[in-house]
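See below for the structure under consideration.
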Amino acid sequence: MKTMKYRKSIGIILTMVCGFTSLINTSCDDFLAEKEVPRITSDFYKTEQGILAAIDATYAYMRFGVGGEFSNVFTELGTDLITGAEGALSYPYNLYSATLSPTESKLYSLWENHYKAIGVTNLVLDALPEASISETEKESYGAEMNFFRAYFYFDLVQQFGKIPLATEAIQEPQTDFKRSSVADVYKLIVSDLRYAAEHLRESATGTDQSKATKYAAAHLLSKVYLTRGSAVTDQRGQLSTDMDSAYYYAKRVIDSPKYTLLDNYSDLWDINNMGNREVIFSIQFTLDPIYNGDGNKSHLYWGSWYEDQPGMMRDIANGRPYRFHRATNKTMFELFDRKNDSRFYKSFKWTYYCNKATSSLAIGDTAIYYSLNAPKNRTYKYKYFQWNKADPSKNNRYYPILLKYEDPLRETANEQKGVREWVRMRLGETYLIAAEAAGRKGDYNLAADLINVIRERASWKSGEKKVPQYWLEEGGEMENTESTYENIKVTADDLRVNFVDFMLDERGRELLGEYTRWEDLVRCEKLVEYVKKWNPDAMKNIQEYHKLRPIPQKHIDRLNPRGSDEEEQNPGYF
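First residue of the sequence shown? That's 167 in my numbering, and the numbers climb one at a time after it.
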């Protein structure tokens, strides 16, 4: 384990709450012996040392989403595909209940974290023109800061809509922030990312996908154009060229030789395969607790209960289950061609193996088996859980879990701070962005071609050994090793009717649980429709205004002068 000496080190805490920036110096030297406390001024960010410190700080702010109950509840609960399990039944994000209000603490945590990060980017961007570095370095560092600023603003605008737009460093307390239009926020995001896509480095050093590159900027920009251009009745400043732009930047990534789809969908979730060639941008964590901060806690929220069953005890491999998320009936029964699309069985954990011997179970025997079908008329040594389709709430404690966040690298079974990378951009999504942009322009042949690249990977390959469910549950032949691609291949005619619905479902199949769903439904103006149709937990309360989150009350209370409720708060929350 590494040790750290903090002597002679100065930590920089950059605090920004909606534009108010303060710089606080901290030192781990013996403070009684310290004669003078070093002071950080804006001149520090005119040096390469200061710029690099700011870059490191901004990357740290990116970890926020998985450092607790944040991205997982903001983007997955209360959708058509995922609902709350036992540990999140009463969560306001799951039920759209009255407690989803301006005082909900997680909203302010998101707001505060992201505006702090934006404050750092503005400090550097303001200082760069006078920085004591080369023009080439100014261009590169400026592009990185533009990427960061766009990244955080894109998160905020998707959740809150109209927000304050800070584009310059603010050195003194300021309280008179007005919200900018959604169109103006998108205009800044697009401008920042276009610059980043042209001036960032082509690739990170080695295989490190945790650094911003021009391809990460291009992927994000394609998604921004797709989001802005998806609006029909919402006003996001959409332009008739948005889909052309979305396709152009997505294709730039697809055509790069630096990224390729993995051959097997399962390989994406292998903990030993982090940083693979499909990853465009990811947020990193480490086994070293000194540097790991809050870690990646996603593994906690997707697990179901298992340790009370015969032959099972809590261990590192099976995780510490908080039981926050489970699939809906739509995910289990309607979304996939379960027989021919391997993504279904490769996305979930269906079997637990004995890790505590009993009189009838040896170590390694099947201890728990999940099925969508009733058990056969025979005796089972293991626990057979059948999914309850008639009353899905009966599945809230025991259910097949999503494999994408398992973290067997943690040091102990109870360790919360995970080390799995958080993949924010991967090539599988880039193909779907390009396909949707093409289809929205009416080119269904091109859209089908792009989707079929993903479908070919999703199929069972020729010679591949299929999971037992293929013949036990889905009616296939036991020894069949033929490709299933032709069974799930799409044509242009398949896409001509209800194209947006098709693409939302295809994104659900490929990106299930990858912290995109709520925002996908909102950008396509389908949130209420889909939730009312497929999520019985959320359908009672959801209203049209829930397409935006409430502006945090702590921000509004600091405003001086304070405008009317209509000016400062989103509809439905006052």
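Beta carbons: idealized from backbone N, C-alpha and C, even for Gly.
Residue environment, Asp436, which counts as buried when at least 16 other CB atoms sit within 10 Å: exposed
Tyr580 and Arg492 closer than 8 Å at C-beta: Note that residue 580 corresponds to Asn in the displayed sequence, not to Tyr. Contact annotation: Asn580 and Arg492 have beta-carbon atoms that are not nearer than 8 Å.
Backbone secondary structure at Ala324 - three-state DSSP: Checking the sequence shown, residue 324 turns out to be Gln, not Ala. It is helical.
Under 8 Å between C-beta atoms of Leu315 and Asp358: Checking the sequence shown, residue 315 turns out to be Arg, not Leu. If you check the CB distance, Arg315 and Asp358 come in under 8 Å.
DSSP beta-bridge partners of Asp507: Ser625
Buried or exposed by the 16-neighbour rule on C-beta atoms within 10 Å, applied to Asn543: Per the 10 Å Cβ criterion, exposed.
Opening and closing residue of the beta strand (DSSP E) in which Thr287 lies: Counting along the chain, Thr287 falls outside any beta strand (DSSP E), though it belongs to the alpha helix (DSSP H) covering 271-293.
Secondary structure of Ala603, DSSP reduced to three states: helix
Contact check, Arg590 vs Ile482, beta carbons under 8 Å: no
Sufficient close CB pairs (3 or more, under 8 Å) joining the segment 212-222 to the segment 286-299: yes
Sub-8 Å separation of Ile654 and Ala624 beta-carbons: With respect to Ala624, Ile654 sits close: the two C-beta atoms are nearer than 8 Å.
Leu453 vs Glu444 beta-carbon contact at 8 Å: no
Residue nearest to Val232 in terms of C-alpha spacing, selected from Phe510, Ser525, His465, Pro737: With distances taken between CA atoms, Val232 lies nearest to His465 out of Phe510, Ser525, His465, Pro737.
With 16 other Cβ atoms within 10 Å as the buried cut-off, status of Arg586: buried
Thr494 versus Lys699 - alpha carbon distance: Note on geometry: alpha-carbon atoms of Thr494 and Lys699 lie some 11 Å from one another.
Check whether Thr269 and Pro258 have beta carbons under 8 Å apart: In this structure, Thr269 lies away from Pro258, with their beta-carbon atoms at least 8 Å apart.
Proximal residues to Pro727 (C-beta, below 7 Å), its chain only, five neighbours per side dropped: Asp342
Touching by the beta-carbon criterion (3+ pairs, under 8 Å), the segment 272-286 and the segment 225-245: yes
Three or more C-beta pairs below 8 Å linking the segment 700-716 and the segment 518-533: no
Rounded separation between Leu725 and Gln735 - CA only: 12 Å
Residues that Gln375 bridges to, as DSSP identifies them: The partner list for Gln375 (beta bridge, DSSP) is empty, contrary to what the question assumes.
Sequence-distant residues of its chain with Cβ nearer than 6 Å to Ser237 (five each side left out): Excluding residues within five positions, the ones whose Cβ falls inside 6 Å are Gly231, Tyr681.
Inter-residue Cα distance where the pair is Gly441 and Lys547: 40 Å
Integer Cβ distance of His385 from Ile446, believed to fall under 8 Å: 5 Å
Nearest candidate by alpha-carbon position, reference Gly469, set Lys496, Trp553, Asn430, Leu569: Leu569
Residue(s) in a DSSP beta bridge with Lys560: DSSP lists no partner for Lys560.
Cβ-Cβ separation, Val633 to Tyr519 (assumed contact under 8 Å), whole Å: The pair is not a contact, with the Cβ atoms about 15 Å apart (cut-off 8 Å).
Proximal residues to Met478 (C-beta, below 8 Å), its chain only, five neighbours per side dropped: Closer than 8 Å at the Cβ level, and outside the excluded window around Met478, lie Tyr472, Asn484, Tyr518, Cys520, Asn521, Lys522, Ala533, Ile534.
Counted within 10 angstroms of its Cβ, other Cβ atoms place Ile456 as buried (16 or more) or exposed: exposed
Validate contact between the segment 592-610 and the segment 502-511 using beta carbons, cut 8 Å, 3 pairs: no
Cβ-based burial, Asp686 [other Cβ within 10 Å; buried from 16]: So Asp686 ends up on the buried side.
Cut-off 8 Å between Cβ atoms - residues of its own chain near Asn438, not counting five sequence neighbours on either side: none
Closest by C-alpha distance to Pro718, when choosing among Phe313, Phe326, Ser347, Lys304: The shortest CA-to-CA distance from Pro718 to any of Phe313, Phe326, Ser347, Lys304 is the one to Phe326.
Beta-carbon gap between Trp588 and Ile449 smaller than 8 Å: For Trp588 and Ile449, yes; Cβs fall inside 8 Å.
Proximity below 8 Å, CB of Glu602 to CB of Ser628: no
Element boundaries [beta strand (DSSP E), containing Val445]: 445-449
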